[in-house]
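In my numbering, the protein residues as written are 1 to 102.
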């Protein structure tokens, strides 16, 4: 994030991710912005988005690599295990649309 415009782009991507993607925990929808995971994801996806739309495999690999701490950190679960399938699809759409606009 060397310059202001890159930071703004990442923050914009984070806002899109945070507003549209949520974790489902026993029927409760916890949006990634509320869980403070949206900026971390945007920072991971941005370098890929500068080249191409990430493949489903790339997205799944990134989601698998993001630990979500539960029970004050007593347990960690990969983010991918907490996202409903349609939220994974929504994330793919957000990334594709974002790539078109940068």
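From the three backbone atoms N, C-alpha and C, an ideal C-beta is built for every residue, glycine too.
Which of helix, strand or coil DSSP assigns to residue i
i           : result
residue 68  : strand
residue 30  : strand
residue 77  : strand
residue 102 : coil
Residue i versus the options, residue with shortest Cα-Cα distance
i          : options            : result
residue 61 : 79, 52, 73 and 51  : 79
residue 94 : 53, 73 and 69      : 53
residue 87 : 19, 39 and 74      : 19
residue 35 : 5, 101, 83 and 55  : 83
residue 22 : 49, 48, 50 and 63  : 63
residue 59 : 25, 85, 100 and 75 : 85
Whole-angstrom C-beta distance between residue j and residue i, which should lie under 8 Å
i          : j          : result
residue 10 : residue 43 : 6 Å
residue 66 : residue 41 : 7 Å
residue 13 : residue 46 : 6 Å
Proximity of residue i and residue j at Cβ, strictly below 8 Å
i          : j          : result
residue 38 : residue 32 : yes
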